[in-house]
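Here the numbering used here is used: the first residue of the sequence shown is 3, the next is one more, and so on. Where is the CB? At the ideal position from N, CA and C, for every residue including glycine.
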Amino acid sequence: MPIIFDIVAIIFTYVLFKFNKYSYISDLNQNRYRLSLSKRYQTVENIRTLKMIFWFIIYCILSNIVPVFLHAFYVFYIDAYEVSELYAYYDASWYLLKAISAALLPLAFIAKHDIMRRNFM
3 MPIIFDIVAI IFTYVLFKFN KYSYISDLNQ NRYRLSLSKR YQTVENIRTL KMIFWFIIYC
63 ILSNIVPVFL HAFYVFYIDA YEVSELYAYY DASWYLLKAI SAALLPLAFI AKHDIMRRNF
123 M
């Protein structure tokens with residue numbers, strides 16, 4: 003179920019991104035001199051933030067899909083065939099996956115934000 007919400011979120015993010023991009027270009031072409039600087043700045047900030055949110059949602063989708071497949075492997079293979087030797091590997095890989103996922107979470111924000119990237123990378 004979380005994967006469906008992630009896909010809906012990425013679709014809404016993409017639509018908002020395209021709308022803001024279109025709004026910025028049309029405002030720039032039509033009202034180059036009459037448009038206030040704060041409106042253009044807000045639109046640019048919206049585009050930057052949506053790019054960052056887009057990569058965070060991609061991270062969420064990947065961090066939801068991989069455990070689902072790992073759990074399906076556990077249910078349909080390890081548990082069904084009662085292969086108890088693989089349970090230890092499954093358990094260790096589950097916790098390793100969660101640790102890697104938690105360590106990579108800040109990268110979705112740092113990599114797409116100029117100031118944070120300059121300070122942390």
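Under a three-way DSSP split, which group does residue 115 fall into? coil
Measuring CA to CA, which of 100, 38, 91, 24 is closest to residue 66? 100
Element boundaries [alpha helix (DSSP H), containing residue 81]: Residue 81 -> no alpha helix (DSSP H), and no H or E assigned at all.
Which value, in whole angstroms, describes the spacing of the CA atoms of residue 120 and residue 40? 25 Å
Identify whether residue 54 lies in helix, strand or coil by the three-state DSSP scheme. helix
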